[in-house]
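Here the sequence shown stands for residues 533 to 1172, where the numbers follow the numbering used here. Note that the Cβ used here is the ideal one computed from N, Cα and C, for glycine as well. For clarity, every value in this text was computed on a predicted model and none was experimentally measured.
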Amino acid sequence: MKFSSNHIIALVLIAGSALRLFNFFEIPLTHDELSALFRLRFDDFSELIEKGVKVDGHPAGVHVFLYFWTKLFGEVAWVIKLPFTIMGIGSVYLVYRLGMRWFNSSVGLVSASYVASTQYFVMYSQIARPYISGLFFSIVMVLAWTNLIEKPERNLWKNTGIYVIFSALCAYNHHFSMLFAAMVGITGLFFIKAQFRLHYFLTGVAIFLLYVPHLEILFTQMKIGGVEDWLSKPTALFPFHYVTYLFHFSILMFAIAFLLFFISIARRKKTKRVPKMPFGIISIVWFIIPIAIGYIYSVYVSAVLQFSVLIFSSIFIFFFLFGRLKEQRFGVNLILVSVILSLSAFSLVVERNHYDLFYNNIHERLYVDFESYRNSHEKGTGFIFENPKIGTYYKHFTGEINGLKSLPSTDQNYSSWKQRIEQIANRKDRVYYGELSSTDPIIFALLQNFYPHVVSENRYFTGSTYVLSKEGKSNKLISNFFQDYATSRWTGVNDAQYQKDYSDGGDTYTLTPQNEWSPTFQMSLWDEINHRNDFISISLEVSGQDSLEEVFLVGELKCGAKTLHWSSTEFSQFNSDITTGGAWNRIYHVLKLSDIDFPISDVICKVYIWNKGHKHVRFRDFRVEKRSGNPKVYGLFEPF
């Protein structure tokens, strides 16, 4: 029996299928999938478009498909995901075909091996959103485009039809896959044979005409605005982070990839034959342009750039890196593929911890972990911050759970929360708490005023669950003004405003209406934190002679003269009657470092009170503490 590259690509497809189908029936729906699912539940198609599509930022294609798919086959998670997983596996084969068409079978096999086994492609093959579908459509489009450009006289109408249909599918799938289709179309203008230019131009007209019915939806969606309420603008390091993510942030995976790159350059024999198409140059141009456009738009207009929207052109980095690799013998190809698949799969499972992170959905774990807590604490009490619609979805499976209170993750009523926690603390020595990464971290600080000790913590992607106790150690104290005010880390101290108090209440410090700023605490951030997902928790007790509106507790990060982050919490948010005659109220502000972009050195953290309203303020027990964060919170997209 003679072995060929067909046998090796079969091995690649088996590996890619296994990685995507592992415990397939146990894969939960993600937040994005659930959000889309809730926008499918309409009685007629016109209502779907008006209330399910136009209110979203994505084209109608995938949403309309899911509408009919779920009508036919139901809303079970694996059923919803199945078409996308099939397209993910199909994309592996299509990458092989395109690599072989542009270069040779060795390039196709190596590139397909990365697509089969790296987290980027495995994960989006397990998500029913318009990402892996767009990659599938894009590769089919490029294959047809290649035939149309290189040999238009062969199967002209067949290739034209495939190219037009799949370009239109790209446009209906996602705005970035539409951008990629436009890039491919424009590229063809430089290479199409002269006698076929009119034909090629008319294919573009046909694609546009197929998209015309969607224009009204596009114009409506453009009025909605961006997603900067949850997506921050990219930094200049975004391209670097993206490329390192493609290779699992792994030095070894980078080493293998670049070793192949340099070997392919060094061993490539010079030839007088000029290739018909400069596919290496086309590959790097197609890879870079969507990043550049997304970056410029995100910085100067509205944030849209994230890893997911770049998947449609992502495979071309492999063609650029390995496109000079000459055709190898069967044995060499088998070794190359085996090394890449083994290394990537190991990294996916062990280093990236994909199956633990992706399969343990925080929305489900909020309820499951409380049930475990209730098994050991029969009358245990707990509360979670959850998306209300998603909470309702999971309650359909779990039913109402006694003792568990679910609240919107956007709840920021600190005053009512303080009262609620105090009532629980009068009855319970322990409490269960679950939160999403979007939950205001001040809620946890309020909890720790009554339950300082973390008995247990379960960490997941985009959230955590806790059991908290009154007894035990609390967070790491970085500084207390009333212990350290004489040290160099506290500046601007006026001894005349410092009052010694030998009673249980402790010493106090007074800001008069003439004092706009309190003493300032300053520290080198990396001297105190262990991980960039940690929290800096700031709190103090205050008492005032008048309303404490326009008085703020401030946290600031600086690098040299540049302010990296500035945020504050107004004192009046914690008690509407803070105008007291002598009563004390604890105020909190928390720096959530995981959501702040800062370098790995030379970062200064400053903490102070901004008495903007020029009020009379007395404070005591001014603390700066470090709370350990969740290294997994963004672990599917970041190193951890």
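Report yes if the C-beta of residue i is less than 7 Å from at least one heavy atom of the ligand ZN; otherwise report no.
{"i": "Ser840", "result": "Looking at this structure, you won't find the ligand ZN or any other ligand, since it has none at all."}
Are there 16 or more other CB atoms within 10 angstroms of the CB of residue i, so buried, or fewer, so exposed?
{"i": "Gln1046", "result": "exposed"}
{"i": "Tyr663", "result": "buried"}
{"i": "Ser908", "result": "exposed"}
{"i": "Met754", "result": "exposed"}
{"i": "Arg897", "result": "buried"}
{"i": "Gly1092", "result": "exposed"}
{"i": "Tyr770", "result": "Before going further, note that residue 770 is Phe rather than Tyr in the sequence given. Phe770 comes out buried."}
{"i": "Lys690", "result": "exposed"}
{"i": "Asp882", "result": "Looking at the sequence shown, residue 882 is not Asp but Val. Looking at its Cβ environment, which holds fewer than 16 other Cβ atoms inside 10 Å, Val882 is exposed."}
{"i": "Leu734", "result": "exposed"}
{"i": "Pro1051", "result": "buried"}
{"i": "Val806", "result": "Note that Val806 scores a pLDDT of 49, beneath 50, so its modelled location is shaky; the value from the coordinates is reported in the next line. By the neighbour-count rule (16 or more Cβ atoms within 10 Å), Val806 is not buried but exposed."}
{"i": "His539", "result": "exposed"}
{"i": "Arg729", "result": "exposed"}
{"i": "Lys583", "result": "exposed"}
{"i": "Lys921", "result": "exposed"}
{"i": "Lys804", "result": "Model confidence at Lys804 stands at a pLDDT of 49, short of 50, so the residue's coordinates are unreliable; what they give is reported in the following sentence. The residue is exposed, with fewer than 16 neighbouring Cβ atoms inside 10 Å."}
{"i": "Lys1094", "result": "exposed"}
{"i": "Gln1031", "result": "exposed"}
{"i": "Thr971", "result": "buried"}
{"i": "Val528", "result": "Here the chain has residues from 533 to 1172 only, and residue 528 is not among them."}
{"i": "Asp1078", "result": "exposed"}
{"i": "Ile541", "result": "buried"}
{"i": "Leu711", "result": "buried"}
{"i": "Gly826", "result": "buried"}
{"i": "Ile823", "result": "buried"}
{"i": "Ile867", "result": "exposed"}
Taking the DSSP output, what are the residues bridged to residue i?
{"i": "Phe1075", "result": "Looking at the sequence itself, residue 1075 is Ser, so the reference to Phe does not match. BP columns for Ser1075 point to Arg1150."}
{"i": "Leu1118", "result": "Residue identity differs from the one stated: residue 1118 is Arg in this sequence, not Leu. Answer is Glu1073, bridged to Arg1118."}
{"i": "Thr1019", "result": "For Thr1019, which the question treats as bridged, DSSP gives no partner whatsoever."}
{"i": "His1097", "result": "Leu1089"}
{"i": "Glu918", "result": "Pro940"}
{"i": "Asn1012", "result": "Arg1155"}
{"i": "Ser1001", "result": "Arg962, His985"}
{"i": "Ile1064", "result": "Reading off the sequence shown, one finds Arg at residue 1064, where the question assumed Ile. DSSP output for Arg1064 lists no bridge partner at all."}
{"i": "Asn990", "result": "Thr997"}
{"i": "Tyr1030", "result": "Tyr1041"}
{"i": "Trp1049", "result": "Trp1142"}
{"i": "Glu1102", "result": "Phe1084"}
Contact defined as beta carbons within less than 8 Å: I believe residue i pairs with residue j. What is the distance between those atoms, to the nearest angstrom?
{"i": "Ala660", "j": "Val759", "result": "At roughly 19 Å, the Cβ-Cβ gap does not stay under 8 Å, so Ala660 and Val759 are not in contact."}
{"i": "Val627", "j": "Leu551", "result": "The pair is not a contact, with the Cβ atoms about 15 Å apart (cut-off 8 Å)."}
{"i": "Leu880", "j": "Gln1029", "result": "In fact, because the Cβ distance is near 58 Å, the residues do not count as touching under 8 Å."}
{"i": "Lys1158", "j": "Lys1090", "result": "Wrong, their Cβ atoms sit about 18 Å apart, outside the cutoff."}
{"i": "Asn893", "j": "Pro684", "result": "49 Å between Cβ atoms; not a contact."}
{"i": "Arg1155", "j": "Leu1072", "result": "7 Å"}
{"i": "Gly935", "j": "Arg959", "result": "That belief does not hold up - the Cβ atoms of Gly935 and Arg959 are roughly 12 Å apart, past 8 Å."}
{"i": "Arg1064", "j": "Leu1009", "result": "Not confirmed; about 21 Å, so no contact."}
{"i": "Glu558", "j": "Tyr891", "result": "6 Å"}
{"i": "Ala612", "j": "Thr602", "result": "Before going further, note that residue 612 is Ile rather than Ala in the sequence given. 7 Å between Cβ atoms; contact."}
{"i": "Phe1067", "j": "Leu1123", "result": "7 Å"}
{"i": "Gly631", "j": "Phe851", "result": "6 Å"}
{"i": "Phe574", "j": "Tyr887", "result": "That belief does not hold up - the Cβ atoms of Phe574 and Tyr887 are roughly 34 Å apart, past 8 Å."}
Counting pairs of beta carbons, one from the segment 669-682 and one from the segment 618-636, are three or more of them closer than 8 Å?
yes
Is the segment 1012-1026 touching the segment 1163-1171, taking contact as three or more C-beta pairs under 8 Å?
no
With a cut-off of 8 Å, do at least 3 Cβ pairs link the segment 692-706 to the segment 732-750?
yes
Would you call the segment 812-821 and the segment 843-852 touching, i.e. three or more CB-CB distances under 8 Å?
Judged by pairs of C-beta atoms under 8 Å, the segment 812-821 touches the segment 843-852, as three or more such pairs exist.
If we count Cβ pairs, one from each stretch, closer than 8 Å, do we get three or more for the segment 981-989 versus the segment 1002-1017?
Yes: the two stretches touch, three or more of their Cβ pairs being nearer than 8 Å.
Could you tell me which uninterrupted beta strand (DSSP E) segments, each at least 3 residues in length, are contained entirely in the segment 955-986, listed from first to last along the chain?
962-968
What alpha helix (DSSP H) runs, 4 residues minimum, are completely inside the segment 730-805?
747-754, 770-778, 783-798
Is there contact here, the segment 961-968 with the segment 910-924, by at least three beta-carbon pairs under 8 Å?
yes
Meets three-Cβ-pair contact criterion under 8 Å: the segment 717-730 and the segment 848-858
no
Would you be able to state if there are at least three C-beta pairs under 8 Å between the segment 828-842 and the segment 759-771?
yes
Does the pairing of the segment 569-587 with the segment 729-739 give three or more beta-carbon distances under 8 Å?
no
Hey, is the segment 867-879 in contact with the segment 964-978, meaning 3+ C-beta pairs nearer than 8 Å?
no
Between the segment 990-997 and the segment 1130-1147, do three or more beta carbon pairs fall short of 8 Å?
no
Continuous alpha helix (DSSP H) assignments of at least 4 residues falling wholly in the segment 548-608
List check, alpha helix (DSSP H) in window: 563-570, 593-605.
Inter-stretch contact (C-beta, 8 Å, three-pair minimum) for the segment 576-594 and the segment 699-708:
yes
What are the uninterrupted segments assigned as alpha helix (DSSP H) that are 4 or more residues long and contained completely in the segment 651-725, given in chain order?
651-657, 664-682, 688-705, 707-721
Quick check for students: name the residue ranges of the beta strand (DSSP E) that lie wholly in the segment 849-925, counting only runs of 3 or more.
Entirely contained in the segment 849-925, the beta strand (DSSP E) runs reaching 3 residues are, in chain order, 914-918.
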